Every structure is written in C-alpha cells, then in structure tokens.
Amino acid sequence: MLSERNDLRNVAIIAHVDHGKTTLVDGMLKQAQVFRENQQVVERVLDSNALERERGITIFAKNAAITIWDPETSQRVKINIVDTPGHADFGGEVERVLNMVDGVLLLVDAAEGPMPQTRFVLKKALAMDHRVIVVINKVDRKGADPNDTLNRTFDLFLELGATDDQADFRVVYTNAVAGQAGLTDVLGPDLLPLFDAILRYVPPPKVDADAPLQMLVTTLDYDDYRGRTAIGRVTSGRLLAGQDLIRITRQGTLMPERAQYLQVHEALRRVDVERVEAGEIAVVAGLEDVSIGETLADPEQPRALPLIQVQEPTVRMTFGVNASPLSGTEGRWGTSRKLRERLLDELRHDMALRVSETDSPDAFEVSGRGELHLAILIETMRREGYEFQVSRPTVLTHRDGDGQLLEPFEEVHIEITPEEVGVVVEMLGSRRGQMLDMINDGDSGVHITYLVPTRGLLGLRYQFLTTTHGMGAMNSVFHGYRPMVGKIPSRENGSLVASETGQATSYGLRNAGERGTLFVTPGVTVYEGMVVGENQRQEDIAVNVSKRKHLTNMRQSTRDIQVRLDAAREMSLDEAIEYLADDELLEVTPLNFRIRKAILDTHERGKQKKRAEVERIALAPEQPVMS
Ligand SMILES: Nc1nc2c(ncn2[C@@H]2O[C@H](COP(=O)(O)OP(=O)(O)OP(=O)(O)O)[C@@H](O)[C@H]2O)c(=O)[nH]1
Ligand SMILES: [Mg+2]
0 MLSERNDLRN
10 VAIIAHVDHG
20 KTTLVDGMLK
30 QAQVFRENQQ
40 VVERVLDSNA
50 LERERGITIF
60 AKNAAITIWD
70 PETSQRVKIN
80 IVDTPGHADF
90 GGEVERVLNM
100 VDGVLLLVDA
110 AEGPMPQTRF
120 VLKKALAMDH
130 RVIVVINKVD
140 RKGADPNDTL
150 NRTFDLFLEL
160 GATDDQADFR
170 VVYTNAVAGQ
180 AGLTDVLGPD
190 LLPLFDAILR
200 YVPPPKVDAD
210 APLQMLVTTL
220 DYDDYRGRTA
230 IGRVTSGRLL
240 AGQDLIRITR
250 QGTLMPERAQ
260 YLQVHEALRR
270 VDVERVEAGE
280 IAVVAGLEDV
290 SIGETLADPE
300 QPRALPLIQV
310 QEPTVRMTFG
320 VNASPLSGTE
330 GRWGTSRKLR
340 ERLLDELRHD
350 MALRVSETDS
360 PDAFEVSGRG
370 ELHLAILIET
380 MRREGYEFQV
390 SRPTVLTHRD
400 GDGQLLEPFE
410 EVHIEITPEE
420 VGVVVEMLGS
430 RRGQMLDMIN
440 DGDSGVHITY
450 LVPTRGLLGL
460 RYQFLTTTHG
470 MGAMNSVFHG
480 YRPMVGKIPS
490 RENGSLVASE
500 TGQATSYGLR
510 NAGERGTLFV
520 TPGVTVYEGM
530 VVGENQRQED
540 IAVNVSKRKH
550 LTNMRQSTRD
560 IQVRLDAARE
570 MSLDEAIEYL
580 ADDELLEVTP
590 LNFRIRKAIL
600 DTHERGKQKK
610 RAEVERIALA
620 PEQPVMS
C-alpha cells in the first residue's frame, strides 16, 4: 500500500553553470545549523573534489542532507539535497541523479536569465514530472532583472511543453551569498521562504514500504575502510544493515550480495543506520563490483528498475600507451593493461562516457559529452599517476535512415561587447555557425545565439577568449544531429617542431622564437618530433632548439633574450587539447604535457606528407591544381 513520508523530502538543485547552486546549498546547510558555532567553513563546501576547487565549478553531483522544523505538521523533516553541475559537459550527472528526487529547485541567475543549460535541465525535470520550484537567484547583482527573468523562465516552460500544472510553478527570490530569500525580490533576513517552499511544494515520497526491496544505484563512491559504496533511492521496501540482497546488473544477471554497511546522509556526513525505509536515499558499502544503473533487490523477488537513460556522447579522443622517447620516466602506470583497466573502471561511475577497443591493443577510443568532460578524465588519471597519449578530439557522426551522414550541432550563446561583434561573427561564420538571434542590450553587451556544428567548436574556446580579451562568455549545449556540413578550417598556424633530442638552450630557443611563439623554456628536455612552439605561418617547420653556441658569440644581451624566452606560452591541459592538429598527439604524464607529432622522425614525416599530398591530388582529378 502506498503511503506518504511526511518526514522526508528529496530535492535536486539544477541550473545553468555558475547560477549559484553550490552557494545556495552552503546557505541551506548553514541555516539548518549543521556546522558548529565557530566552525570555519570553506565557501562552496560541496565542491570538495580538488579539480572542482581549482576550476571553481561543480563536476560531480553530490548529496547532502538537512533537518528542519515544519511548523505546519509540528515535526522534524529531513531534506535530502542533491547538488548538480551546471556545465553542459556534465549534463550526464544531472540526468543520472534526477531519479533520486521528487522535486527540483531550478535556479536562474536574475541578470542572465535562462541559459542553454537551464533549458536542458528543465526539460529533463519536466520529462520525469518532477515538481519545479523556480529560484531567481543573484537578485542583488548589477543588471539583475528579476521580473524579466521570471517571464523568460515562464516562456521556457511553455516552450518545453509543460502541462498547466507544471507551468503553475512557485517562485522564490534569493541572494545565495547572503543566505536571504523572499517571495518577492525584496528579501527577508534568511532562507525561510525557500525552506517553506520546499516543505509545501516538493511532494513527500509516496512509497510502499512493505513491497519487495528495490533500490537503483545512482552514484558510486569509495570509502577507504569499507570499499566501494553505492548510493541511491530505496524505491520500495526496506533495507536492513547486513541483509542479503540480489544485485541485478545492467545486463540482467542476478548476483547475490550482502548490504554489509548501511548509511544515510546527514549534513555533509554519512551515518550508520540499522534500516532504511522506502523513499530515503541509502548508502550501501561493501559491494565491490557494483556499477551505476544496477538494481539492489529482494533476494526472494528480484525485480530490476528501469535503466538510467543518458544522452549519447558527441566527442571522442583516442587514449593510447605513451610512445614518446620519455615514456616510463614520469608516470607510475603506463601499460596497455593498466590503461584499459582504468578506463573500464571509469565506466562504472560515469554513465555519459563510452570506451571502445581499436585495431591496436595499445589504444582505446574514449567518447564523452565534450572537450571538458574528457579533459577532466585526463587530468584525474594523470594525478593518479598514469601516463598516456591522447589524440585531437573529433566528433561522433552517424547515418540516418537514408544513409545520410549526420554530425552533432550545438546551440551556442555568446556575450560580447559591441566592438567585438565583427571578429566573433567572422570566427563563427568560418566555422559554419548559423546565427539564430542577436540582441544588443546596451550596457550588458551583445547576446548572440548560434547553431554551430560541434566540429566547429572544438579548439575554439582559447581563440574566442584571446579575441575577446578574456571578457567574452560562450556557452553551448547539444542541439541534435543534422546533415554534415562541409569542411571547417582547422588551426591557422603550423607548429615549430624540435629536430633534435636534447635540452633546450637559450641560443636554440632564440632562433626558434623568431619564427613564432615558444612553448618551452631553456633547460627543458625536448625530443625529435616534439612541438616546441607555434609557427607564425601555416606550415610546420623543424627547429633545433637544443643547439649550443659559445656565449661570447652572442650578439644580443642576455637580458633581452631572457625577456623573450620567459614569455614562452604555458598551456593548460584544456589549451593543449585545443591546440592539437590531426597529426599531433598530447603526451600526458603526472609531471608534464607535451605536444608531439604522431610521427616523430623528421624525414619520415616529410615523406608521409608528400605521399598524402600526392594522394590528395590523385583523388581529386577534376579539381585544377593551383600552383
Ligand atoms: N552576487 C551574487 N553572487 C552569487 C550569488 N549566488 C552565487 N553567486 C556567485 O556566483 C558564482 C558561482 O556560484 P556557484 O555556487 O559555484 O554556482 P554553481 O551554480 O554551483 O556553479 P556550477 O556548479 O559550476 O554550475 C560564485 O562566485 C558565487 O559567489 C548571489 O545570490 N548573488
Ligand atoms: Mg556548483
């Protein structure tokens, strides 16, 4: 029999990137008094992963819980809160966790209004028929227009086909940083109006606690003492600590297991409990082989819950065994077996990732939602001690019923100043972008919406930031597959490629530096075929950066040289990935990133290039050859 658990609410916080989700969770935790009186608490406490702190974004969805007093029913109510990432590349995290909750807080930045990812997450929430509370956040921000934001959010509901019931949503206005909320944009002293809205409008779980146990594993974690932990909502029945259960794999195989340790969330911790009743989010430790998407079920009547569906990947890269001359000197793990194990293990956590074998036992194809999705995996593996090489990202294409080749497209939102419109329009035009909309907002700049093939966006971010002096904003979200458009020009500049193996010298670098921008400084170990800079011109050229010469023969003063050499461009992982040309690879180790040519030998590379050129001409005989 179904009953309502009035002592419980499960709610996820969803939004576009940076609209203030994690900050709002801070405020909720503080005001529910989960911290000690004088405890020092870091900002955005739920962004606990090292990469999340460094990048200032949420990457993984996470659970926290608070307990508040409900004056209407005069009882304590536990609220499970799931914080989610807003960046489109981690959209899979949002899709994954929505099955744990009964309602969502849809945050919208009062100055920016609904953005591409707002649409994506709202669409998912509406499809699951979750109750939505719209939270208009950052009402204190300069340029905030809460009314306009509300209207545009309402339009978005209609556009996404919300039912009358869904479109009749509640609205709360907040300043997450100050921890204030209100039913109008005049805020009260605290978040009470928000807590109240959650109690009144997020439905309590409706469950059958006497039915056979079913729990969908939605998140995996690791406990140093207890091993792998599985987190998910107990959909029906109850779970007892130490009980036998059946784990149903995604393929439908039944595996007998035991719920060795059983916990629930409390504030930022997990606490041991004896039993968890349906409706609550449980943490089960000690299931070594568990994967996301599996059902933990009653041993007598094991029945699987529906699989979690997430959108397919659009971008792929090859991850291969590091074949550079420096291989094995900087990493701890580097064999094909280790790499394979690690990548397959990642699939157990990340529903949005795909890994497949290639013709070579030393290389794997890894596909994800975007460059950042894959970059985070690369960075995580590197920090764990892995070394490997990755290729330039490419998009995943497929054919429609008529055999037509399709490629992924993205909706791109751009914010720039009026002066930058010319270059940016040109930049997106050359990448086959189709302008959908342009709004000149005076003070707050120009907003342009484009439809662009994902292929055209690969490698664009750095160029966009340079062009707009770091002030422009660019956001994209997957739009759909459409017929493949023509060629898209890739990087305009060639690479400066080391012709010798050795240590870069000031003398060698000075000569090479006259050709373009250097990536290495004196003293750095280089090898033949390694990319040491970007050429000003289109072709690659070989440079000898480890050449030595007696100091007395130097014309320029050492100071002059130093100034220029110090200006070597230091690339982040994301920039290095964006830089890669088709015939280049990125060598990744715990200590360094090195861009290299796929073929290291200078002569061999020259020969291959000629051969490719001859083939190109032979394949296109109808095209007149220009000289
Ligand atoms: N002025 C103002 N700034 C806010 C408010 N809420 C959040 N911020 C700021 O907005 C930035 C982003 O906040 P986060 O909480 O990390 O946003 P998020 O939605 O969790 O971001 P992702 O998880 O990466 O999608 C931070 O610099 C916050 O301090 C607000 O109400 N007013
Ligand atoms: Mg966040």
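In numbering that gives the first Met the number 0, the protein residues as written are 0 to 626.
Positions of the beta carbon are idealized from the N, C-alpha and C atoms, including for glycine.
This one's a predicted model, so the numbers in the text were calculated from it and none came from an experiment.
query	result
Cα-Cα separation, residue 650 to residue 203	The structure shown does not extend to residue 650, since the chain spans only 0 to 626, so no value can be given for it.
6 Å CB neighbourhood of residue 588 in its chain, flanking five on each side removed	329, 330 and 386
For residue 42, the three-state DSSP class (helix, strand or coil)	coil
Check: residue 43 C-beta below 8 Å from any heavy atom of ligand 2	yes
For residue 522, the three-state DSSP class (helix, strand or coil)	coil
Whether residue 27 touches residue 194 by CB criterion (9 Å)	yes
Assigned secondary structure, residue 610 (DSSP; H/G/I helix, E/B strand, else coil)	helix
Complete runs of the alpha helix (DSSP H) confined to the segment 379-461 [at least 4 residues]	420-429 and 453-456
Residues bridged to residue 273 (per DSSP)	DSSP output for residue 273 lists no bridge partner at all.
Cβ-heavy atom distance, residue 176 to ligand 1, below 8 Å	yes
Where residue 590 falls, given that 16 or more other Cβ within 10 Å makes a residue buried	exposed
The segment 132-146 contacting the segment 181-188, beta-carbon criterion three pairs below 8 Å	yes
Residue 534, enclosing beta strand (DSSP E) - first and last residue	530-534
Any non-hydrogen atom of ligand 1 within 8 Å of residue 183 CB	no
Residue from 530, 610 and 418 with nearest C-alpha to residue 569	530
Test item, CB below 5 Å from any non-hydrogen atom of ligand 2	20, 21 and 57
Anticipated Cβ contact below 8 Å, residue 260 with residue 296, distance rounded	Actually they do not touch by this definition, with Cβ atoms about 18 Å apart.
Same chain, Cβ closer than 6 Å to residue 282, five either side skipped, listed in chain order	228, 230, 262 and 269
Exposure of residue 609, with buried meaning 16 or more beta-carbon neighbours within 10 Å	exposed
Local Cβ density within 10 Å of residue 56, reported as buried at 16 or more and exposed below that	buried
beta-carbon residue 23 near ligand 1 non-hydrogen atom, thresh 8 Å	yes
Three-way DSSP call (helix, strand, coil) for residue 330 in this model	coil
Three-state class that DSSP yields for residue 193 in the structure shown	helix
Stretch pair the segment 429-440 + the segment 448-463: three plus CB contacts closer than 8 Å	yes
C-beta contact flag for residue 393 and residue 483 at 9 Å	no
Three-state secondary structure assigned by DSSP to residue 626	Residue placement at residue 626 is poorly supported in this model, since its pLDDT is 35, which falls under 50; the coordinates still yield a value, given next. Residue 626 falls in the coil class under three-state DSSP.
C-beta contact flag for residue 105 and residue 121 at 9 Å	yes
Stretch-stretch touch, CB-based, cutoff 8 Å, three pairs: the segment 123-131 with the segment 170-177	no
Endpoints, alpha helix (DSSP H) assigned at residue 345	335-348
Nearest-angstrom Cα separation, counted from residue 602 out to residue 542	13 Å
Inter-residue Cα distance where the pair is residue 383 and residue 338	12 Å
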